[in-house]
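Q: Residues in the sequence shown are numbered consecutively from 1, following full-length UniProt numbering.
If you scroll down you'll find the structure; I have some questions about it.
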Amino acid sequence: MTQPGYEVAFEGFAGWPVFEYTAWLRNQAEFADAGIDDYYIRLNGTWHADFATEQLLRMRDIPDWRPFDPQAEVQRYNPEPRHAQGTQAEHDLAHYTSAFIDRLAQKAELLRDVQQGRPVPALDVAEELEAPDRGERIRKHAAVLPAADVRAVADELDDLARALSHKTGVRLPRALSEKERGREQETQDRAQGENDRPAPVTAGAELERRLDAALDAGFGRVAEMRPNGTLRWTRQPLAERARAALRKDALGNDRLLKALLRSFPPDRDGAQDAAAADAAGPAQTPQEPAKPARAARPGTAASRHGGPAHPPNTGRAR
């Protein structure tokens, strides 16, 4: 990627040089009067993206090929113009980065098309100007490499475009941004579906629920006198700690668990019943209705002395 005698305007991705436009025109006389300064900067971004694509393909094809870590290069990406000044420098960098990201997404789709046997476009102007043989090599590598390797490189190019867009704020191309929104929506839908799915009820979970209900019913509560004279029912702190320890032991001891479940009162419907009982105080034991008094027999309602009837078994002598 170096050409002797050219002045470097700034270093692009991975330190690859972007040469001064005037220096480049020395060997491109046909563009001297075209006024394509911006186009030239974008061409550099396109060329460098093609070079990155070829590096990733060769790493899959040639075991000893020099390593290339795109994500590490994203972290280091901070081009500093050497000659251009002021807003023109920022303008050039934005054009370069935008073209680089656009080309990465374009090459990712080209690799997928080649791998799936779909028609692919011929070499474009950027490839013809810089390195026609590189464009041919990219297509050849994509055609002969295993399908999994080609898909992996295409995904790497997409990931590189996303990472660079996130770091620099340069927009993603429309196709990739729409794909990104689709992925985000799919992730949100999947998460929502997981939240809406009811938790499975297993035998172990049911035993835990029954044990909790039994322990709630089995441990007593104490009454605390409020300043206004009313009672507030609370669970004894010691009993609460004992409950936690007993639950832990019972869940690991099947015999103890079954004994507890047999010894405590029958299971209640749910935790809400226990909470209501806590708020209202201890459960009241239902009392049997009072039995009606037995009717007195005629002639026995009063004593022989004319007074009211005496209670039975008073001990009075007849």
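Built from N, CA and C at the ideal position, the CB exists for glycine as well.
Once you ignore the five residues that flank A105 on each side, which residues in its own chain have a CB closer than 6 Å to its CB?
A: Here residue 105 refers to the residue found at position 105 when the sequence shown is read from its first residue. Answer for A105: A161, P173, L176, listed in chain order.
Q: Measure how close the beta-carbons of A52 and L111 come, nearest whole angstrom, since I'm counting them as under 8 Å.
A: Mapped onto the sequence shown, residue 52 falls at position 52. Mapped onto the sequence shown, residue 111 falls at position 111. Not a contact, Cβ separation roughly 12 Å.
Q: Leaving out five residues on either side along the sequence, give the residues of the same chain with a beta carbon under 6 Å from the beta carbon of E7.
A: Along the sequence shown, read from residue 1 onward, the residue named residue 7 stands at position 7. Once the five neighbours on either side are set aside, the close Cβ partners of E7 are E20, A23.
Q: Going by DSSP, name the residue or residues bridged to E11.
A: On the sequence shown, position 11 is the one that residue 11 refers to. DSSP lists P17 as partners of E11.
Q: For G169, count neighbouring C-beta atoms within 10 Å of its own C-beta (all shown protein chains included) and say buried if the count is 16 or more, exposed if not.
A: In the sequence shown, counting from the first residue as 1, residue 169 sits at position 169. By the neighbour-count rule (16 or more Cβ atoms within 10 Å), G169 is not buried but exposed.
Q: Kindly list the residues whose CB is nearer than 6 Å to the CB of L164, restricted to its own chain and excluding five residues on each side of it in sequence; keep chain order.
A: Here the question's residue 164 lines up with position 164 in the sequence shown. Around L164: V74, I101.
Q: When you compare the CB of L164 with every CB in chain D, is at least one pair closer than 8 Å?
A: Judged by its chain identifiers, the structure shown contains no chain D, having just a single protein chain.
Q: Please classify R103 as buried or exposed, where buried requires at least 16 neighbouring CB atoms within 10 angstroms.
A: Counting from 1 along the sequence shown, the entry for residue 103 is found at position 103. It counts as buried.
Q: Hey, out of E186, A152, H166, whose CA is closest to A108's CA?
A: Working through the sequence shown from its first residue, we reach residue 108 at position 108. Among E186, A152, H166, the Cα nearest to that of A108 is on A152.
Q: Would you call the region 115-122 and the region 59-76 touching, i.e. three or more CB-CB distances under 8 Å?
A: Counting Cβ pairs under 8 Å, fewer than three are found: no touch.
Q: Would you give the residue range spanned by the alpha helix (DSSP H) that W47 belongs to?
A: For the purposes of this step, residue 47 is taken as residue 47 along the sequence shown, with counting starting at 1. Looking at the DSSP string, the run of the alpha helix (DSSP H) that includes W47 is 37-61.
Q: Contact check, Q115 vs V144 under 8 Å by CB: the rounded distance?
A: The sequence position of residue 115 within the sequence shown is 115, counting from 1. The sequence position of residue 144 within the sequence shown is 144, counting from 1. About 10 Å separates the two Cβ atoms, so there is no contact after all.
Q: Kindly indicate which residue of L157, R26, I41, E178 has the alpha-carbon position closest to the one of S98.
A: Residue 98 sits at position 98 when you count from the first residue of the sequence shown. S98 has its Cα closest to that of I41, out of L157, R26, I41, E178.
Q: Using a Cβ-Cβ cut-off of 8 Å (strictly less than) and excluding sequence neighbours within five positions of T187, which residues of its own chain qualify?
A: Position 187 of the sequence shown, counted from the start, is the residue given in the question as residue 187. Same-chain partners within the cutoff: there are none.
Q: Within 10 angstroms of its Cβ, does P63 collect 16 or more other Cβ (buried), or is it exposed?
A: Numbered from its first residue, the sequence shown carries residue 63 at position 63. Label assigned to P63: exposed.
Q: Helix or strand or just coil, what does DSSP make of A147?
A: The count along the sequence shown starts at 1 and reaches residue 147 at position 147. Helix at A147.
Q: Quick check on W65: buried or exposed, where buried means 16 or more other Cβ atoms within 10 Å of its Cβ?
A: Position 65 of the sequence shown, counting from 1, holds the residue named residue 65. By the 10 Å Cβ count, W65 comes out exposed.
Q: Have a look at K167, I138, A89, H48 and flag the residue whose alpha-carbon is nearest the alpha-carbon of F13.
A: Walking along the sequence shown from the start, residue 13 turns up at place 13. When only C-alpha atoms are compared, the closest one is H48.
Q: Hey, could you find the ends of the alpha helix (DSSP H) P72 is sitting in?
A: Position 72 of the sequence shown, counted from the start, is the residue given in the question as residue 72. For the record, residue 72 in the displayed sequence is Ala; it is not Pro. Counting along the chain, the alpha helix (DSSP H) containing A72 begins and ends at 70-76.
Q: Compare the Cα-Cα distances from L157 to each of D38, E11, L57 and report the closest residue.
A: For the purposes of this step, residue 157 is identified with residue 157 of the sequence shown, where counting begins at 1. It is L57 whose Cα lies nearest to the Cα of L157.
Q: What's the C-alpha gap between D38 and Q28?
A: Along the sequence shown, read from residue 1 onward, the residue named residue 38 stands at position 38. Along the sequence shown, read from residue 1 onward, the residue named residue 28 stands at position 28. Using only the alpha carbons, I get a separation of about 15 Å.
Q: Can you list the alpha helix (DSSP H) stretches of 4 or more residues lying completely in the region 88-159, in chain order?
A: Listed in chain order, the complete alpha helix (DSSP H) runs (minimum 4 residues) inside the region 88-159 are 125-130, 132-144.
Q: Here's the rule I'm using: 16 or more other beta-carbon atoms within 10 Å means buried, otherwise exposed. How should A147 be labelled?
A: If you number the sequence shown from 1, residue 147 lands on position 147. It is exposed - the Cβ of A147 has fewer than 16 other Cβ atoms within 10 Å.
Q: So for W65, helix, strand or coil by DSSP?
A: Walking along the sequence shown from the start, residue 65 turns up at place 65. If DSSP states are grouped into helix, strand and coil, W65 belongs with coil.
Q: What residues in its chain sit with their C-beta under 8 Å from that of R134, if we drop five residues either side in the sequence?
A: Taking the sequence shown and counting its residues from 1, the one referred to as residue 134 is at position 134. Excluding positions up to five away in sequence, the list reads D50, F51, E54, E127.
Q: On the criterion of 16 or more Cβ atoms from any shown chain inside 10 Å, does T46 qualify as buried, or is it exposed?
A: Here residue 46 refers to the residue found at position 46 of the sequence shown. The residue in question, T46, is buried, as its Cβ has 16 or more Cβ neighbours within 10 Å.
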